[in-house]
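**Q** One structure, pasted below without further comment.
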Ligand code: TXA
Ligand code: MG
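Residue numbers (my numbering): 1200 to 1568.
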């Protein structure tokens, strides 16, 4: 799908100079209050914001991203207290999570107030709320005094943007303003926890892990759609996990779409490091023999072994893998890679979130060795 680029987009950089930064926040706030769209950094990924109580403005977000209209948006708030016009009640467990993790990369789903536009909730009776910790997001929320509805600031289906250049590439000509400050450090979208049900359910894993959530509020389930895509869920009988699994369709509407996809064909190869290395070495060799440009994403100890066209290391742990993942997937496109092999990581802790995004990016092209 070719998306039109017929708007003038103002691209601005946060520099640390108080006066010029203040002018940026003022101007962005004015645009948002006038029903416009502003992309801005958060600690997880860049978001594309509109006034959450302006239905027409929120509808524009779907147009700008080419996003399906049944995929609801996250409402961002300035302080770790949820405004009364957003949700009907804040249960005890939600308060505990807010106290522990806000401001930060956690989104909670609660029963909405009737005044929250359908364009935000996709017609659901719940709303997703997050208080971001990034100083630019926080300042924009404060200056505007608004609740800002914001999905990730990418064209729908593409990897989420973690650098200003990603946002410019996807959305220049399609939004009013892009605020750049490349200090987005988490690199994966927030953990989403649904607290609108009796037993809380994690709908999307992130750097705040299922263990951390359970420690805070007790028994929590993992959405069954997430379980099915893990090794445990795909029949590999590991030890019973602490978290219990639900058995319903994906509850976050956005989780059912193909996402994060690079242009080349991506394969995730799971298993013990040794066999994975052997498989990917052969597969990369084979791809190159066929004249395909090949990329490998791997553990740092394998970085010097592979002879692919491009080799990207995950860095020292799952947290660094998370921070670099979307940028790496976009770099594979930049290099014109036809085929990409990604070593699987342990599907636990932050690794669960990294694997969730990788498997979705691979369109479920998974090889278990
Ligand atoms: O870190 C983040 O969460 C980033 C930054 C910008 O805050 N935002 C983000 O938004 O990732 P987005 O739109 O790309 O993902 C929002 C997810 C989608 O999967 C959507 O279906 C789900 O949240 N969601 C939103 N409202 C929901 C609701 N009421 N019930 C269930 N899922 C919901
Ligand atoms: Mg997104």
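Think of the CB as a built atom: it goes at the ideal place given N, C-alpha and C, for glycine as much as any other residue.
1) Do you know how far the Cα of residue 1274 is from the Cα of residue 1328?
2) By Cβ distance below 7 Å, which residues in the same chain neighbour residue 1281 in space, the five residues on each side in sequence not counted?
3) Kindly examine ligand 2 and report whether one of its heavy atoms sits closer than 8 Å to the Cβ of residue 1353.
4) Can you give the Cα-Cα distance for residue 1371 and residue 1474, rounded to whole angstroms?
5) Please specify which runs of the beta strand (DSSP E), each continuous and at least 3 residues long, are wholly inside the segment 1237-1262, giving them in chain order.
6) Would you say residue 1400 reaches chain D, if we count a Cβ-Cβ gap shorter than 9 Å as a contact?
7) DSSP three-state label for residue 1142, please.
8) Looking at the strands, I want to know which residues DSSP matches up with residue 1512.
9) Residues in its own chain within less than 6 Å of residue 1269 by CB, not counting five upstream and five downstream?
10) Looking at the strands, I want to know which residues DSSP matches up with residue 1327.
11) Please report how far the alpha carbon of residue 1556 lies from the alpha carbon of residue 1215, in whole angstroms.
12) Helix, strand or coil for residue 1214 per DSSP?
13) Would you mind giving the Cβ-Cβ distance between residue 1347 and residue 1467, rounded to the nearest angstrom? I have them listed as a contact below 8 Å.
14) As a quick exercise: from 1259, 1427, 1529, pick the residue whose alpha carbon is nearest that of residue 1465.
15) Please indicate yes or no: does the CB of residue 1359 lie closer than 8 Å to some heavy atom of ligand 2?
16) Checking 9 Å against the spacing of the C-beta atoms, do residue 1494 and residue 1507 come in under that value?
17) One question on the structure: do residue 1326 and residue 1312 come within less than 9 Å of each other, judged by their Cβ atoms?
18) Does at least one heavy atom of ligand 2 sit under 8 Å from the Cβ of residue 1388?
19) At a cut-off of 8 Å, is residue 1458 close to ligand 2 when judged by its beta-carbon and the heavy atoms of the ligand?
20) Can you tell me which of the three DSSP states residue 1342 falls into?
21) Quick check on DSSP: helix, strand or coil for residue 1467?
22) Tell me the DSSP secondary structure of residue 1394 in three-state form.
23) Alpha carbon to alpha carbon, how far is residue 1212 from residue 1303?
24) Determine the direct distance from the alpha carbon of residue 1249 to that of residue 1230, and round the result to whole angstroms.
**A** This is what the structure holds:
1) Translated into positions along the chain shown, residue 1328 becomes position 129. Translated into positions along the chain shown, residue 1274 becomes position 75. One C-alpha to the other measures close to 5 Å.
2) Along the chain shown, one-based indexing puts residue 1281 at 82. Same-chain partners within the cutoff: 1289, 1328.
3) As a working note, residue 1353 is residue 154 in the chain shown. Within the cutoff, so yes.
4) Along the chain shown, read from residue 1 onward, the residue named residue 1371 stands at position 172. Along the chain shown, read from residue 1 onward, the residue named residue 1474 stands at position 275. Approximately 43 Å between the Cα atoms of the pair.
5) The qualifying runs are 1237-1239, 1246-1250.
6) Protein chains in the displayed structure number just one, and chain D is not present.
7) Here the chain comprises residues numbered 1200 to 1568, so residue 1142 is not present and cannot be evaluated.
8) Residue 1512 sits at position 313 when you count from the first residue of the chain shown. Answer is 1497.
9) Within the chain shown, the letter at position 70 stands for residue 1269. Taken in chain order, the residues that qualify are 1321, 1452.
10) Numbered from its first residue, the chain shown carries residue 1327 at position 128. According to DSSP, residue pairing for residue 1327 in a beta bridge involves 1273, 1308.
11) Along the chain shown, one-based indexing puts residue 1556 at 357. Along the chain shown, one-based indexing puts residue 1215 at 16. The C-alpha of residue 1215 is placed about 33 Å away from the C-alpha of residue 1556.
12) Counting from one through the chain shown, the residue named residue 1214 turns up at place 15. Coil at residue 1214, not helix or strand.
13) Numbered from 1 along the chain shown, position 148 holds the residue referred to as residue 1347. Numbered from 1 along the chain shown, position 268 holds the residue referred to as residue 1467. That pair is no contact at about 34 Å.
14) Position 266 of the chain shown, counted from the first residue, corresponds to residue 1465. Out of 1259, 1427, 1529, the CA that lies nearest to the CA of residue 1465 is found in 1529.
15) Here residue 1359 corresponds to residue number 160 of the chain shown, with the count starting at 1. Answer for residue 1359: yes, Cβ within range of ligand 2.
16) The residue given as residue 1494 occupies position 295 in the chain shown. The residue given as residue 1507 occupies position 308 in the chain shown. Yes, the Cβ-Cβ distance between residue 1494 and residue 1507 is below 9 Å.
17) What you label residue 1326 is simply residue 127 of the chain shown in a count that begins at 1. What you label residue 1312 is simply residue 113 of the chain shown in a count that begins at 1. For residue 1326 and residue 1312, yes; Cβs fall inside 9 Å.
18) Reading the chain shown from its first residue, position 189 is the one you call residue 1388. Yes, Cβ of residue 1388 sits closer than 8 Å to a heavy atom of ligand 2.
19) As a working note, residue 1458 is residue 259 in the chain shown. Yes, since a heavy atom of ligand 2 falls inside the 8 Å radius drawn around the Cβ of residue 1458.
20) Counting from one through the chain shown, the residue named residue 1342 turns up at place 143. Reduced to three states, the DSSP call for residue 1342 is helix.
21) Along the chain shown, one-based indexing puts residue 1467 at 268. Three-state result, residue 1467: strand.
22) Reading the chain shown from its first residue, position 195 is the one you call residue 1394. Here residue 1394 sits in coil by DSSP.
23) Counted from its first residue, the chain shown places residue 1212 at position 13. Counted from its first residue, the chain shown places residue 1303 at position 104. Computed Cα separation, rounded: 23 Å.
24) In the chain shown, residue 1230 corresponds to position 31, counting from 1. In the chain shown, residue 1249 corresponds to position 50, counting from 1. Spanning the two alpha carbons is a distance of roughly 9 Å.
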